[in-house]
Amino acid sequence: MAVDEFYATNSHYKTRMILNSRDSKRDVVGAAAAALDLIKNVEVQAIIGPTTSMEADFTINLREKAEVPIISYSATPSLTSIRSPYFFRATQSDSTQVNAISAIVHTFGWREVVPIYMENEFGEGILPYLADALQAVDVRIPYRSVISPLATDDQIMAELYKLMTVQTRVFIVHMYPSLGKRLFNKAKELGMMSKRYVWLMSDGMTGFLGSSTSLHIESLQGASGVKTYVPKAKELENYRVPWKTKFLQDNPDEVDVELRNYGLWAYDATVALAVAVGQIAATANHGFQKANVSTSSATELDTPGVSRNGQNLLKALANISFKGLSGDSTLPFTESGVSMFVPIVDSKTKNAWVFFKPLTWDLWVTSFCFFIFIGFVVWVLEHSK
1019 MAVDEFYATN SHYKTRMILN SRDSKRDVVG AAAAALDLIK NVEVQAIIGP TTSMEADFTI
1079 NLREKAEVPI ISYSATPSLT SIRSPYFFRA TQSDSTQVNA ISAIVHTFGW REVVPIYMEN
1139 EFGEGILPYL ADALQAVDVR IPYRSVISPL ATDDQIMAEL YKLMTVQTRV FIVHMYPSLG
1199 KRLFNKAKEL GMMSKRYVWL MSDGMTGFLG SSTSLHIESL QGASGVKTYV PKAKELENYR
1259 VPWKTKFLQD NPDEVDVELR NYGLWAYDAT VALAVAVGQI AATANHGFQK ANVSTSSATE
1319 LDTPGVSRNG QNLLKALANI SFKGLSGDST LPFTESGVSM FVPIVDSKTK NAWVFFKPLT
1379 WDLWVTSFCF FIFIGFVVWV LEHSK
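Under our numbering, the first residue of the sequence shown is numbered 1019, with each subsequent residue one higher.
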């Protein structure tokens, strides 16, 4: 939809971007195989995805060798553009939410918390930033609860029993929604969703609230969390209805679906790539330069070839800036640094003339005209007597 809408409103672009999709099936090896297929056989100029940090991390080196830019939706802080100039993050990093979480903990005066996270790069990536943010407000982490993505219900129950023996009753949960749903269901069975416990969720879970395929509100009663705020805009509201219609056509079994932030970032990333492709169209040199294979032991992973257009596209993407569905968009994603978790006291309220502030110029003119009209009516009535 992003590609179709972009070229429908920008008909002056002579070069059109064509999408070639591959399904990694959320598998690390599958993601690498799909990327290699797209690079060697299709000779794509850029790759959007994969979505998980493990898939992205496994394929970064491959794409850097081929000089093919990758735009990823992974929010793991360790996957930054510093590691590879050809890697662009299209989402907000998980590290940006730790200050909001620590502000909540500090506001309520909790002195100790226990993070509960997945045993993979997604779960572990946020921990150093969270620990620093909590330490800055003098909050200790006496214990860290690690749960495997493949954990059984019995293993989850065993970990929850262990948490019940810990003195701390404040938990910060950072994991995939699928695992988080099971965790909260078991916590509810054990009575750990009562007022005696505090549960804070990261954006990795709250971003999927209300989805019929991930998290249900009913299983999270008693939990709180932080969530990335996307300001409302006319363009965004106009896009929601056709998106939902198209999604339900492709997925008729779904009932409760909402356009989430990751969908907005995916839309903006696609538009950014289309703009970059259009900017370099005049100097584009399509195709790949085949790698020189010097040894018989070289594999396909070692010799993917080099994109002739990679460096030009890299420079164009790095300078992209536009107004997208999620707000002001750049690649890599730039955080605003704004967190709405503290009360704001406006010093203007101390001014004795503050009651004049709400009156605009139009309201002043209207009030003046109405005053003259009332005066005229009173004058007529007085003289008629």
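We put the beta carbon where it would ideally sit given N, CA and C, even for glycine.
Contact test: residue i Cβ vs the ligand FAD heavy atom, cutoff 6 Å
i: lysine 1204; result: Ligands displayed in this structure: none; no statement on the ligand FAD is therefore possible.
Continuous beta strand (DSSP E) stretch holding residue i: start and end
i: lysine 1404; result: Residue 1404 lies beyond the range of the chain shown here (1019 to 1403); nothing can be said about it.
i: leucine 1218; result: 1216-1219
i: glycine 1243; result: 1241-1243
i: serine 1090; result: 1088-1090
Within 7 Å, strictly: CB atoms of residue i and residue j
i: methionine 1035; j: alanine 1284; result: no
i: glutamine 1110; j: threonine 1246; result: yes
i: serine 1166; j: glutamate 1177; result: no
i: glycine 1323; j: phenylalanine 1306; result: yes
i: valine 1248; j: alanine 1118; result: no
i: alanine 1052; j: arginine 1044; result: no
i: alanine 1287; j: isoleucine 1065; result: no
i: tyrosine 1091; j: tyrosine 1280; result: yes
i: glutamate 1073; j: valine 1046; result: yes
i: glycine 1198; j: methionine 1182; result: no
i: leucine 1226; j: proline 1260; result: First, the residue type needs correcting, since residue 1226 is phenylalanine and not leucine in the sequence shown. No; because the gap between Cβ atoms is not below 7 Å, this pair is not in contact.
i: tyrosine 1031; j: glycine 1296; result: yes
i: alanine 1299; j: threonine 1033; result: yes
i: serine 1339; j: alanine 1084; result: no
Neighbour-count burial assignment, residue i, 16 or more Cβ in a 10 Å radius
i: serine 1230; result: Residue placement at serine 1230 cannot be trusted, given a pLDDT of 49 that sits under 50; the coordinates are not used to answer.
i: glutamine 1063; result: buried
i: methionine 1019; result: exposed
i: proline 1160; result: exposed
i: glutamine 1267; result: exposed
i: proline 1087; result: buried
i: arginine 1107; result: buried
i: glycine 1407; result: For the chain, the structure presents residues 1019 to 1403; residue 1407 sits outside this window and is missing.
i: phenylalanine 1105; result: buried
i: proline 1068; result: buried
i: lysine 1366; result: Confidence at lysine 1366 is low in this model, with a pLDDT of 44, below 50, so its placement is unreliable and the value that follows should be read with caution. Per the 10 Å Cβ criterion, exposed.
i: phenylalanine 1140; result: buried
i: isoleucine 1392; result: exposed
i: leucine 1201; result: buried
i: isoleucine 1057; result: buried
i: tryptophan 1217; result: buried
i: alanine 1290; result: buried
i: leucine 1381; result: exposed
i: alanine 1334; result: buried
Limits of the alpha helix (DSSP H) - the one that residue i falls within
i: arginine 1107; result: It is not in any alpha helix (DSSP H) - arginine 1107 instead sits in the beta strand (DSSP E) that spans 1105-1107.
i: aspartate 1045; result: Careful: aspartate 1045 lies outside any alpha helix (DSSP H) and carries neither H nor E.
i: lysine 1199; result: 1195-1207
i: glycine 1281; result: 1279-1297
i: aspartate 1268; result: 1252-1268
i: threonine 1027; result: 1020-1027
i: glycine 1328; result: 1328-1336
Task: At least 3 beta-carbon pairs within less than 8 Å: the region 1338-1347 vs the region 1250-1263 - done: With the cut-off at 8 Å, the region 1338-1347 and the region 1250-1263 touch.
Open item on the list: Report the start-end ranges of each beta strand (DSSP E) in the region 1112-1192 that is 3 residues or longer and not cut off at the edges.
Closed with: 1132-1136, 1163-1165 and 1188-1192
TODO: Would you check if there are 3 or more beta carbon pairs closer than 8 Å linking the region 1132-1139 to the region 1183-1192?
DONE: yes
Open item on the list: I'd like to know if the region 1142-1150 and the region 1205-1217 are in contact, where contact means that at least 3 CB-CB pairs between them fall below 8 Å.
Closed with: Three or more Cβ pairs closer than 8 Å define a contact, and the region 1142-1150 falls short of that threshold against the region 1205-1217.
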